[in-house]
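S.K.: The UniProt record's numbering numbers the first residue of the sequence shown as 1 and each following residue consecutively. Glycine included, C-beta positions come from ideal geometry on N, C-alpha and C. Please see the structure below; I have some questions.
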Amino acid sequence: MVSAGYSKECVTTYQTLRKCIVDEGLCRLGFERISLAHVLKLDWSMLELKVRSWLGASRVALRTLFHGERVLLDHVFAGSNTVREALFADIAGDAAVHFLSFPVSVAKSKRSPEKLFRLLDLYDTIVELWPEIELGFSFESTAVVRAQALASLSKLAETASATLADFESAILRESSRLAVPGGGVHPMTRYTMNYISLLADYGSSLAEIFADCPLQTPSHIPDFFLDTSQAPADSVVAEQLAWLVFALLCKLDGKTETYQDVGLSYLFLANNLQYIESKVRSCQLLELLGEEWAARHAAKARQHSARYERVAWGGVAAEIPKGEVSAGEAGERMRAFIAALEAACATQAGWVVADPGMREEVREAVRGMVVPAFRGFYARWHAALEDVAVASYSPDVVRERLGKLFSG
Numbered sequence: 001m002v003s004a005g006y007s008k009e010c011v012t013t014y015q016t017l018r019k020c021i022v023d024e025g026l027c028r029l030g031f032e033r034i035s036l037a038h039v040l041k042l043d044w045s046m047l048e049l050k051v052r053s054w055l056g057a058s059r060v061a062l063r064t065l066f067h068g069e070r071v072l073l074d075h076v077f078a079g080s081n082t083v084r085e086a087l088f089a090d091i092a093g094d095a096a097v098h099f100l101s102f103p104v105s106v107a108k109s110k111r112s113p114e115k116l117f118r119l120l121d122l123y124d125t126i127v128e129l130w131p132e133i134e135l136g137f138s139f140e141s142t143a144v145v146r147a148q149a150l151a152s153l154s155k156l157a158e159t160a161s162a163t164l165a166d167f168e169s170a171i172l173r174e175s176s177r178l179a180v181p182g183g184g185v186h187p188m189t190r191y192t193m194n195y196i197s198l199l200a201d202y203g204s205s206l207a208e209i210f211a212d213c214p215l216q217t218p219s220h221i222p223d224f225f226l227d228t229s230q231a232p233a234d235s236v237v238a239e240q241l242a243w244l245v246f247a248l249l250c251k252l253d254g255k256t257e258t259y260q261d262v263g264l265s266y267l268f269l270a271n272n273l274q275y276i277e278s279k280v281r282s283c284q285l286l287e288l289l290g291e292e293w294a295a296r297h298a299a300k301a302r303q304h305s306a307r308y309e310r311v312a313w314g315g316v317a318a319e320i321p322k323g324e325v326s327a328g329e330a331g332e333r334m335r336a337f338i339a340a341l342e343a344a345c346a347t348q349a350g351w352v353v354a355d356p357g358m359r360e361e362v363r364e365a366v367r368g369m370v371v372p373a374f375r376g377f378y379a380r381w382h383a384a385l386e387d388v389a390v391a392s393y394s395p396d397v398v399r400e401r402l403g404k405l406f407s408g
């Protein structure tokens with residue numbers, strides 16, 4: 001066509017045909033052009049499907065589809081840089097701008113905590129593909145594509161930071177007054193720690209985001225809440241996540257007021273602190289917060305369990321005489337001990353120690369408070385006890401009784 005004098009028609013035909021092919025290629029990859037107004041009307045389940053489609057299409061679109069168009073143009077129109085650039089801007093540039101503007105539409109939709117991870121996925125993907133975007137759309141005529149990618153990163157960072165601030169506010173505003181049965185792990189603890197542990201997987205992205213859009217947190221978090229000696233050189237992410245855990249711990253302290261039994265409130269704190277420490281150790285959070293941070297919180301959980309043991313079982317242990325008593329007094333003290341033990345077991349029948357390891361530690365601690373002292377008292381007096389039922393209440397019975405506790 002060019003040799004026959006139809007160069008303009010050739011360019012126009014090529015342009016029309018290849019634009020259709022690029023658009024069809026994006027469609028086959030699962031991407032469809034939708035307006036911001038349409039995006040804002042979608043519920044999250046539908047929008048997330050479109051985000052997943054975009055994420056799945058992005059690498060092929062940038063590395064194969066758009067790159068392939070540039071390679072083809074370099075071959076077909078090798079004799080004219082001007083024509084190549086103009087055609088590439090029209091064929092691939094326009095499609096790329098629409099493709100890269102989709103994350104902005106997602107970032108402008110209504111914020112909610114569950115959207116944050118998809119925002120971070122979008123952010124990570126554009127960062128990963130930035131070299132291809134910068135190189136593939138290096139012409140002055142395609143500067144708009146590079147600008148769109150940077151604008152998308154900026155908006156995603158802004159919305160991600162705001163969403164994380166919303167998450168922090170949701171923790172601090174949580175106001176349920178229902179006590180968790182048995183002093184177990186609070187649903188808020190599970191949800192918050194699962195959320196934070198997932199955030200830890202996006203450490204590098206969050207570091208970039210916080211550099212541009214920092215959260216408003218206290219200027220200094222006490223060392224108890226952040227082991228700065230083991231935190232990364234750039235500890236901004238560690239500090240932000242430590243602050244979220246601190247906010248959770250503050251709320252948990254307030255939740256103890258829902259328990260009328262002081263011992264149960266200590267058990268509640270022990271359960272939740274143990275869960276937090278265990279969750280940190282099971283994921284990337286340990287690298288961010290540090291070993292000392294985890295060890296301190298494990299020690300704090302043990303302190304709460306020790307307080308529970310003293311409050312809940314100190315009175316039972318006190319019923320065991322430590323000095324000499326008469327035979328008559330021995331019978332009375334034996335009955336008082338049995339009554340106190342049975343009352344404590346009845347009260348705590350539904351109490352929980354959620355972690356199997358800590359459960360056995362607490363059982364052994366309670367046994368240690370009661371069984372050795374009772375064994376000595378029983379060995380001294382059981383033969384002289386006239387009440388058969390009382391006399392049959394042996395140290396092994398006590399040990400077995402205590403072994404049934406804390407399973408809920």
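Verify whether the separation of the beta carbon atoms of residue 53 and residue 125 is less than 8 angstroms.
M.R.: No.
S.K.: With a 10 Å radius around its C-beta and 16 neighbouring C-beta atoms as the bar for buried, classify residue 17 as buried or exposed.
M.R.: Exposed.
S.K.: What three-state label does DSSP hand residue 352 in the structure shown?
M.R.: In the structure shown, residue 352 sits in a strand (DSSP, three-state: E or B).
S.K.: Among the residues of its own chain, which have a CB less than 6 angstroms from the CB of residue 89, if the five just before and after it don't count?
M.R.: Cβ neighbours of residue 89 beyond the five flanking positions: 141, 142.
S.K.: With three or more C-beta pairs closer than 8 angstroms as the rule, is the segment 272-280 touching the segment 352-365?
M.R.: Yes, since at least three Cβ pairs between the segment 352-365 and the segment 272-280 fall closer than 8 angstroms, the two stretches touch.
S.K.: Which same chain residues end up closer than 8 angstroms to residue 253 when comparing Cβ atoms and leaving out the 5 residues on each side of it in sequence?
M.R.: So the qualifying residues of the chain are 269.
S.K.: Determine the DSSP secondary structure at residue 82, reduced to helix, strand or coil.
M.R.: In the structure shown, residue 82 sits in a helix (DSSP, three-state: H, G or I).
S.K.: Mind checking residue 148: buried by the 16 CB within 10 Å criterion, or exposed?
M.R.: It counts as buried.
S.K.: Helix, strand or coil: how does DSSP classify residue 2 here?
M.R.: Unreliable positioning characterises residue 2 in this predicted model, as indicated by a pLDDT of 44, which lies under 50. The coordinate reading is nonetheless provided below. Correct three-state label for residue 2: coil.
S.K.: Is residue 282 helix, strand or coil by DSSP?
M.R.: Reduced to three states, the DSSP call for residue 282 is coil.
S.K.: Tell me, please, which residues DSSP counts as bridged to residue 407.
M.R.: Paired residues: 352.
S.K.: Run the CB neighbour count on residue 115, radius 10 Å, all protein chains shown included, and call it buried at 16 or more, exposed below.
M.R.: Flag for residue 115 reads buried.
S.K.: Would you check if the distance between the CB atom of residue 338 and the CB atom of residue 280 is smaller than 8 angstroms?
M.R.: No, Cβ-Cβ distance for residue 338 and residue 280 is not below 8 angstroms.
S.K.: When we look at the beta-carbon of residue 315 and count the other beta-carbons within 10 Å, is it buried (16 or more) or exposed?
M.R.: With fewer than 16 other Cβ atoms within 10 Å, it is exposed.
S.K.: Residue 128: which of 189, 204, 70, 176 sits nearest, CA to CA?
M.R.: Measuring from the Cα of residue 128, the nearest candidate turns out to be 204.
S.K.: Using beta-carbon positions only, say whether residue 22 and residue 69 come within less than 8 angstroms of one another.
M.R.: A contact, by the Cβ cut-off of 8 angstroms.
S.K.: Kindly give me the distance between the Cβ atoms of residue 380 and residue 341, rounded to whole angstroms, as I take these residues to be in contact under 8 angstroms.
M.R.: Contact flag wrong, Cβ pair sits at about 18 angstroms.
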